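Trainee: Start counting the sequence shown at 14; every next residue gets the next number (this note's numbering).
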Amino acid sequence: MACSLPTSFSLLHVGASRKLSLRQGATHPQNRRVFSLGNAVTHYTSLTVAALKTSPQNKDDSGFGHSVCKASVVAAVALSIAFNGIDIAQARPQGVNRPELLPKTFTPVIDAAGFLSEGQEGRIAKEVTNLEEETGFKLRVLAQNYPNTPGLAIKDFWKVDDSTIVFVADPSLGGNILNFNVGAAVDLSVPRSFWSRLAGKYGNMFYWQEKGEDASIEAAVSAISTCLREPPGPSACSTIQ
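(1) Give the list of continuous beta strand (DSSP E) stretches no shorter than 3 residues that lie fully inside the segment 110 to 176.
(2) Going by other Cβ atoms of all chains shown within 10 Å of its Cβ, with 16 needed for buried, is residue 252 buried or exposed?
(3) Considering only the beta carbon of each residue, do residue 115 and residue 166 sit closer than 7 Å?
(4) Determine, using beta carbons only, whether residue 160 and residue 109 come nearer to each other than 7 Å.
(5) CB residue 152 to CB residue 144, shorter than 7 Å?
(6) Measuring CA to CA, which of 118, 196, 232, 198 is closest to residue 210?
(7) Give every residue of the same chain whose Cβ lies closer than 6 Å to the Cβ of residue 131, excluding the five residues on either side of it in the sequence, and list them in chain order.
(8) Return the residue from the list 127, 223, 247, 212 that minimises the CA-CA distance to residue 235.
(9) Report yes if the CB atom of residue 158 is closer than 7 Å to the CB atom of residue 198, and no otherwise.
(10) If you follow the beta strand (DSSP E) that residue 191 is part of, which residue opens it and which one closes it?
(11) Residue range of the alpha helix (DSSP H) that residue 243 falls in?
(12) Suppose the cutoff is 8 Å on Cβ atoms and the five residues either side in sequence are ignored; what does the same chain contact list for residue 244 look like?
(13) What is the rounded straight-line gap between the Cα of residue 246 and the Cα of residue 148?
(14) Exposed or buried, which one is residue 129 when buried takes at least 16 other CB atoms within 10 Å?
(15) On a Cα-Cα basis, can you pick out the residue from 194, 188, 123, 248 that is closest to residue 179?
(16) Classify residue 254: buried if its beta carbon has 16 or more other beta carbons within 10 angstroms, exposed otherwise.
(17) Count the other C-beta atoms from every protein chain shown that fall within 10 angstroms of the C-beta of residue 227, then say buried if there are 16 or more, exposed otherwise.
(18) Taking all protein chains shown into account, decide if residue 175 is buried (16 or more other Cβ within 10 angstroms of its Cβ) or exposed.
(19) DSSP state of residue 91, grouped into three classes?
Rendered as structure tokens:
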């Protein structure tokens with residue numbers, strides 16, 4: 014899912030020909046497109062986005078803009094779907110909303126899975142803070158092992174808006190560990206192919222199983238930070254650092 018989803022769409026199980034039906038309620042004028050990338054993973058079957066059906070009237074009141082994520086976020090981050098008022102009709106596992114897992118004080122980095130050392134978490138938080146001060150873009154990082162996650166509770170905690178990138182790292186269902194939910198302002202500045210290339214480079218199973226989840230997270234944060242600092246133009250974010 015970059016995550017504003019239209020009123021209705023379907024994800025098709027390639028090979029199983031079984032659809033996951035999702036429903037969306039309220040809408041907003043600027044959210045009219047859907048982009049899904051990467052391979053989605055359920056407990057047993059790798060998914061591919063085979064069909065996305067949207068209507069020009071589809072809108073979203075969450076202020077989230079277009080999202081960019083893998084379909085695996087359906088399982089790994091029900092929060093990404095829930096940002097846009099979507100209820101899972103048939104897909105499993107269920108969404109999570111556990112505000113008790115949120116930190117007591119604000120932080121742009123939440124490590125609910127224990128992937129990061131204290132030093133790593135501090136470095137990422139500093140990088141994210143500097144990035145926001147310099148560019149206005151708000152990168153937020155959530156490391157989790159579903160279902161041990163605050164889930165959609167982070168929407169209000171982080172005050173997610175059009176300038177926000179919610180980066181979720183979750184290896185619990187296998188496959189690619191990196192998931193991104195991108196606000197409309199970010200979507201206008203960053204080529205959509207950047208997110209798929211980033212996930213392919215640092216999120217693939219071979220990378221994070223060899224180097225660790227922490228290495229994938231740090232590498233992705235660094236690449237996003239570099240991309241968002243580049244001047245706009247046809248070559249912007251063309252290289253994954």
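All C-beta atoms, glycine included, are put in the ideal place defined by N, C-alpha and C.
Computed from a prediction, not measured in an experiment: that's the story for all the values here.
Mentor: In short, the structure shows the following:
(1) Within the segment 110 to 176, the complete beta strand (DSSP E) runs of at least 3 residues fall at 122 to 124, 151 to 156.
(2) Of the residues assessed, residue 252 falls on the exposed side of the cut-off, its CB having fewer than 16 other CB atoms within 10 angstroms.
(3) Closer than 7 Å, so yes.
(4) Cβ atoms of residue 160 and residue 109: closer than 7 Å.
(5) A contact, by the Cβ cut-off of 7 Å.
(6) Among 118, 196, 232, 198, the Cα nearest to that of residue 210 belongs to 232.
(7) For residue 131, same chain residues with a beta-carbon under 6 Å away, outside a window of 5 residues either side, do not exist.
(8) Minimum Cα distance to residue 235 is reached at 212.
(9) Cβ atoms of residue 158 and residue 198: not closer than 7 Å.
(10) 191 to 195 is the extent of the beta strand (DSSP E) around residue 191.
(11) Residue 243 -> no alpha helix (DSSP H), and no H or E assigned at all.
(12) Excluding sequence neighbours, residue 244 sits near nothing in its chain.
(13) C-alpha separation (whole angstroms): 16 Å.
(14) Residue 129 counts as buried, since at least 16 other C-beta atoms from the protein chains shown sit within 10 angstroms of its C-beta.
(15) Of the candidates 194, 188, 123, 248, the residue whose Cα lies closest to the Cα of residue 179 is 194.
(16) Counting Cβ neighbours within 10 Å, residue 254 comes out exposed, since fewer than 16 surround it.
(17) Under this definition residue 227 is a buried residue.
(18) Note on residue 175: 16 or more other CB atoms within 10 angstroms of its CB, so buried under the neighbour-count rule.
(19) Because residue 91 carries a pLDDT of 42, less than 50, the predicted location of this residue cannot be relied on, and no value is offered for it.
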